[in-house]
Every structure is written in C-alpha cells, then in structure tokens.
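For the sequence shown, the numbering used here assigns the number 3 to the initial residue and increments by one for each residue that follows.
Have a look at the structure below before the remarks.
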Amino acid sequence: MHIPPTHPRRESLIIREKLVEGFKRGIVVAEGLIAHGRGECFDYLIGESTQEFAIRAIEAAVASLLLAKYPVISVNGNTAALVPGEIVELAHLLNAKIEVNLFYRTREREETIANWLKKHGATEILGVGEDASATIPELFSERRRVSPRGILIADVVMVPLEDGDRTEALRKMNKTVIAIDLNPLSRTARSANITIVDNVVRAIPQMINKARELKNKSRSELEEILKNYDNNRTLQEALRFINKRLMELSSSQITLSIK
Ligand code: PTJ
Numbered sequence: 003m004h005i006p007p008t009h010p011r012r013e014s015l016i017i018r019e020k021l022v023e024g025f026k027r028g029i030v031v032a033e034g035l036i037a038h039g040r041g042e043c044f045d046y047l048i049g050e051s052t053q054e055f056a057i058r059a060i061e062a063a064v065a066s067l068l069l070a071k072y073p074v075i076s077v078n079g080n081t082a083a084l085v086p087g088e089i090v091e092l093a094h095l096l097n098a099k100i101e102v103n104l105f106y107r108t109r110e111r112e113e114t115i116a117n118w119l120k121k122h123g124a125t126e127i128l129g130v131g132e133d134a135s136a137t138i139p140e141l142f143s144e145r146r147r148v149s150p151r152g153i154l155i156a157d158v159v160m161v162p163l164e165d166g167d168r169t170e171a172l173r174k175m176n177k178t179v180i181a182i183d184l185n186p187l188s189r190t191a192r193s194a195n196i197t198i199v200d201n202v203v204r205a206i207p208q209m210i211n212k213a214r215e216l217k218n219k220s221r222s223e224l225e226e227i228l229k230n231y232d233n234n235r236t237l238q239e240a241l242r243f244i245n246k247r248l249m250e251l252s253s254s255q256i257t258l259s260i261k
C-alpha cells in the first residue's frame, strides 16, 4: 500500500504494513495483529516516543547483556516482522545468540522466521525443529520448548513483546530477563528484571547505539550502571508519565482547529 509522505500517521501506518506483510508471509499470526493493537494504544499514551524511563532501562539492558556470559535474544513473529535486520545487528554487537521462540508454534513458522532472519544477515538461529529439545519447567505453553544451546543455558534472556508466563518461569530458573513491552501493567513488564517500556521499532535501534557506546566500558562501569538501576522505579515512572500527560491533556484545548 502506498502511504503518502505527508500523512500525519505515516510512521504508525508503515509499522502496520510491516505486520500485515509479515502476516501474509506466515511470520506473524493473526493474534499478533491484535497484540499490536494493544501496543499501539499504550504507544499513544507514552506520546509515541522513547521517554526517559525507557532510556534508562535501555542502558541497563545493554549493560546486562554485555556483562552476560551467555546472552540470548528470543524472537517471536511480531519482532521478526518489525525489526529483523536490527535484531541481527544487535545480536552481533552483543555477541548474543538469536533463538526463535513462539507462543503459536508450528514447524513451518519456525522455519519461515529463521529464514527471514537469515535473509537479514543472521548466520545461526536456534530453537528451530529438533533444536528446541529442552523444556522450561512449570511452563505449559509452546514457549516451554527451548534450545539446550540457547535459552536453556542463557544467563540473560531478552524477550521483546512477550506474554507473561515465560518471564516468570525464566526468573524462577535464575535468569535475568529483559522485556520490551509498551504496556507497563503487563505481567511480563512487572516480572522482568529490566523492562523497556517502548515500541520495539524504537527500542532496538537505540539499543544498537547504546551497545556501540558501552562496548568499550570496563566491567566495573557496566556493573555500576546495573547497581543503580531500579525496575520498580521505571514502571512507576512510566505510569506517572502517562498519568501526568493525561492530566495535562484533559485540562487543555483538546479539539483540533480545522481551517
Ligand atoms: O509470534 P508468537 O506466536 O510468539 O506470538 C506473539 C504474540 C505477540 C501474539 C504473543 O506473544 C502474545 O499473545 O502476546 P501478548 O500476550 O498479546 O503480549 C504482547 C505485549 O506486547 C502486550 O503487552 C502489548 O502491549 C505489547 N506490544 C505490542 N506491540 C508492541 C508491544 N510492545 C513493544 N513494541 C510493540 N511494537
């Protein structure tokens, strides 16, 4: 679909088109389109830009991934459709593995997503077919199946756009979990160690920039960043930001002047 450069909602429409294209390619599930709608609503509330609370979480997330012995980026359908090249670039910078992990898992989708990521420069994708032979305990969704070379042995796992249960299960396995979720009230957001309340399409490119910047820092400097980070504060600030923004909007001129 052609989206005019002057369209006031151009960015948002481009993201939708990427998801619809991903849906047609078999990367995104129909439920993923619904999940995106929920995300869009929260994106509206945070002003469709990366806020201070997300910038601090991005810094902590990158520090944690750089300090990790075995970092893994878990990829689902929506993430693969929206930021495939960026995920590959970030994984490369962080020396992290990429693992496909799907809620609505089929062999065909696993392979379609892996091939899509390879088309965008990935050399190795874990979690496809027999490689997903290990199991996360206490998890009953298809997400429980993981790679013994990836999520099973990872110390830090990043889960962009996730559904709640797995974050809790990974935490119980003593892993550090980094979530990217526009909804600061979701179970994932509230159970992760570090929650980036931002859109993946903005958060991942910012993580790439941050990784380039922090790559040359010493371990003790990275540890200092983590020591000063408080995820509860991040989530409180996200909610306060939304609250303040709505209070300001609700006491200002809200109608558009049409000439
Ligand atoms: O590809 P699969 O089979 O693994 O399925 C993926 C979906 C997304 C369908 C599955 O994980 C799911 O049902 O997720 P939920 O429970 O709907 O949660 C998705 C969360 O991501 C919600 O809290 C949304 O607000 C949030 N979200 C949606 N779009 C974005 C987002 N967060 C960041 N960036 C987005 N673009």
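Just so it is clear, CB atoms sit at the ideal spot from N, CA and C, and this is done for glycine as well.
Here N195 has S66, R173, T178, V179, I180, N233 as same chain residues with Cβ atoms under 8 Å from its own Cβ, once five neighbours each way along the sequence are excluded. Judged by beta-carbon spacing, A82 lies within the 8 Å limit of I29, meaning their Cβ atoms are closer than that value. About 5 Å separates the CB atoms of S149 and D133; that is less than 8 Å, so the two are in contact. Between the ligand PTJ and R40, a heavy atom-to-CB distance of less than 7 Å is present. Distances taken from the Cβ of F55 to the heavy atoms of the ligand PTJ include none shorter than 7 Å. Judged by DSSP secondary structure, P162 falls within the beta strand (DSSP E) whose first and last residues are 158 to 162. In this structure, L141 places its C-beta atom within 8 Å of the C-beta atom of A171. In this structure the region 41 to 53 lies against the region 186 to 201, because at least three pairs of beta carbons, one per stretch, are closer than 8 Å. S51 sits in coil when the DSSP states are folded into three classes, being neither helix nor strand. R145 and T114 have their C-alpha atoms spaced approximately 17 Å apart.
Per DSSP, the beta bridge partners of K99 are V74. Annotation: T178 is outside any alpha helix (DSSP H); the continuous beta strand (DSSP E) that includes it extends over 178 to 182.
Sequence-distant partners of S188 (beyond 5 residues in either direction) whose C-beta falls short of 7 Å from its own C-beta, in its chain, are G166.
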